[in-house]
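When the letters of the sequence shown are read in order and numbered with the UniProt record's numbering, they come out as residues 1 to 319.
Worksheet for the structure shown next.
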Amino acid sequence: MTTPRSDLRKLHMLLTFILAEFDRVCSQIGVTYALYGGSTIGAVRHGGFIPWDDDIDVFMIRQDYERFLREAPDLLAQGFRIDNQRTVPRYHLLFSKLGLDGTVFLSQGEVNPDYTPPIFLDIFPLDAVPSDQRRFRAMRRRTWWWGRLLFLSGIPTPKLPDMAPWKRSLVHAVTRTANVALRACRLSPVALYERWEKAARSAEDEATDTYTDFTMRDPQNWIVRRDELLPTRRVPFEAIEAPVPRDVEALLTRGYGDYMRIPDPADRLTHLPEKILFGSYDPDRGGVPDLLAPRDPADSSPGDANTTTHTATVSDDQP
């Protein structure tokens, strides 16, 4: 079952529109960011989106991340919003989203009854890594613990697509119990996030040029040195440009191995979109400009944009 290519193309148009606004505001503020993860692979390998991808990820060193969160709300164009623990009650994620009002992007199996995400760009903070490995291991344990509790506070039944049904039922029984217990103990998402952030930022007092993403379960695998990240360099991303880390090839090789190899269809991961609403930004109604680069049909085959795992419900209506 697939998401129609035309709908994925519309999603790509909105995401590129969001990226262009994010890039504009970062430039105006004077903060640095870079494409991250699959978005970086897309830029390097495809000149834009991986054909089946359905999001954009960026990262920023914590100092720039905090400055963006402080100053961007006054500079963003109308209709854009920043979602995170500071702006949304019962937000269950460790990073921020830049999204569009009146849109919805709901992933299967990640339904938070208290939060409906928009079509979004994810913004991840990079925090300092201490030179003492024991201290780093302790930070990893604490951030993992508080991060998992925060997620379960909002998502009682996380998606587990590769798990046997009987095992998934057992795990969901445990996660639902954890969700109820957290609410009963009045451990709010804000309190859990504050504990996570304290752990993630606990090496700020150390002079270091090494950073990582503590929102990940395996932050030891996402370490980046300042001289690998900066200065960033701009590359084509669809019909616009966006920055990637200075030594992007080394970082991608370390994180993904042979990142230029097109993965087999079974290995092409998406967010399993369950519901997408374009609202007033529907490209079919002229809601956003077309910022996508022309595509050679061969670039979409055989691993074309239809390669997703579930059918999304796509609508023009407001949520």
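Each residue gets a CB set at the ideal place from its N, CA and C atoms; glycine is no exception.
Cβ neighbour criterion (16 or more within 10 Å) applied to A34 | buried
Expressed to the nearest angstrom, what Euclidean distance is found between the alpha-carbon atoms of A199 and R285?
-> Rounded to the nearest angstrom, the two C-alpha atoms are 46 Å apart.
Check each candidate in D218, P263 and L11 and name the one with the smallest Cα separation from W145.
-> For the residues D218, P263 and L11, the minimum Cα distance to W145 belongs to D218.
How about E228 and P243: do their beta carbons lie closer than 8 Å?
-> no
Coil, strand or helix - M216 by DSSP | If DSSP states are grouped into helix, strand and coil, M216 belongs with coil.
So is N112 buried or exposed if we call it buried at 16+ other beta carbons inside 10 Å?
-> A residue is called buried when at least 16 other Cβ atoms come within 10 angstroms of its Cβ; N112 meets this threshold and is buried.
Beta-carbon proximity list for H12, same chain, < 7 Å, skipping 5 on both sides = F49 and L292
Using only alpha-carbon positions, find the residue among E66, R86, I119 and D57 that is nearest to F80.
-> I119
Report yes if the CB atom of L93 is closer than 8 Å to the CB atom of L149, and no otherwise.
-> no
Of the residues A128, A20, V58 and D23, which one's Cα is nearest the Cα of residue 321?
-> Missing from the structure shown is residue 321; the chain here goes from 1 to 319 and no further.
To the nearest whole angstrom, what separates the beta carbons of L98 and I18, a pair I think is in contact under 8 Å?
-> 6 Å
Going by the CB atoms, is the gap between Y256 and I56 shorter than 8 Å?
-> no
At what residues does the beta strand (DSSP E) containing E241 begin and finish?
-> I240 to V244
Compute the beta-carbon to beta-carbon distance between F214 and L121, rounded to the nearest angstrom, for a pair I have assumed lies under 8 Å.
-> About 20 Å; that fails the 8 Å criterion.
Excluding the five sequence neighbours on either side, which residues of its own chain have a C-beta within less than 8 Å of the C-beta of P73, listed in chain order?
-> I82
Opposing strand residues paired with D258 [DSSP bridges] | Per DSSP, none; premise fails for D258.
For the putative contact between T208 and V129, defined by C-beta atoms under 8 Å, what is the C-beta separation to the nearest angstrom?
-> 6 Å
Own chain partners of R233 with C-beta closer than 7 Å, once the 5 adjacent residues on each side are dropped | P243, V244 and R246
Go through its chain and collect everything with a Cβ distance to L151's Cβ below 6 Å, but skip five positions before and after it.
-> Residue identity check: residue 151 is Phe in the sequence provided, not Leu. Taking C-beta separations shorter than 6 Å and ignoring five residues to either side along the sequence, the partners of F151 in its chain run H92, following chain order.
First through last residue of the beta strand (DSSP E) which encompasses E228 = That residue, E228, is in no beta strand (DSSP E); its alpha helix (DSSP H) goes R226 to L229.
Determine the closest residue to G52 out of P263, G30, E249 and L251, with distance taken between C-alpha atoms.
-> A small correction: the amino acid at residue 52 is Trp; Gly does not occupy that position in the sequence shown. Among P263, G30, E249 and L251, the Cα nearest to that of W52 belongs to P263.
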